[in-house]
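Per the numbering used here, the sequence shown starts with residue 845, numbered consecutively. We put the beta carbon where it would ideally sit given N, CA and C, even for glycine.
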Amino acid sequence: MTLSAEIVKRGALLARYAHVVTTFEPGRDIRMTDAEIEQRRRLDDWERHERAFAKFVLENVKAVKNRKGYTAAQLAARMSTAGWPLSVSSLNGMLGKKKRATITITEVFAFAAALEVPPVELLFPTSSSAYDQGRGVTISPGFTTSPEAALDWFTGDTTHDDRDRLLRAAILEAREDLRASIAKIEAIEAGRRLPATAKSEDDG
């Protein structure tokens, strides 16, 4: 095969597989297509969401446990009565620094039964030391709302069709907060400029 024929052949192959990613990036398989990379990114987002939600629920479990004054041994015993034979060391690990990748709905039910609270108090607490008022509840990646709105949706007081309405309300609220913050900053800056302006007029 002549050199020119080889070049033509390789050019045809490149054109045929132009959709395949060939640019190297850290953590990126050069054999993956853009669609596969996007799929992996979304799966990574979902796994992060699962870990974050598991942490969120376990923080609420710990808050209720402390509020009721249960020791780890007492809660472990109550968990066993609820049907989940959980050792004290395992419980301490879950409520401590040991990270859970996920938490199942049956585990939430067991904790709720042991703590004698409705499951929604662990999922969507409207009043809890573990609930950060500025964070909200993340239902799925990219969709965060208030615990009240999440509770309404979960119990059927609103439908999932209200998602857009909730999102619009959240966006409007965020815009109002931003406007208020900008106004405060502008007022502070104006207050700082006033003494300098008055001094200039006095000097004139």
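- Every unbroken stretch of the alpha helix (DSSP H) spanning 4 or more residues and falling wholly within the region 881-929 is given here in chain order: 916-925.
- Taking C-beta atoms under 8 Å as the contact rule, residue 902 and residue 909 fail to qualify, at a distance of about 10 Å.
- Spanning the alpha carbons of residue 1028 and residue 875 requires a straight line of approximately 52 Å.
- Looking at the DSSP output, residue 987 sits in a beta bridge with 984.
- Closest in alpha carbon position to residue 893, among 983, 1030, 1036, is 983.
- Per DSSP, reduced to three states, the secondary structure at residue 999 is helical.
- Residue 937 and residue 906 have their C-alpha atoms roughly 12 Å apart.
- Take the alpha-carbon of residue 980 and the one of residue 986: they are about 12 Å apart.
- Check the Cα spacing between residue 945 and each of 900, 998, 1023, 927: the tightest is with 900.
- Residue 998 places its beta carbon less than 8 Å from that of residue 967.
- Residue 989 sits buried, since 16 or more C-beta atoms from the chains shown fall within 10 Å of its C-beta.
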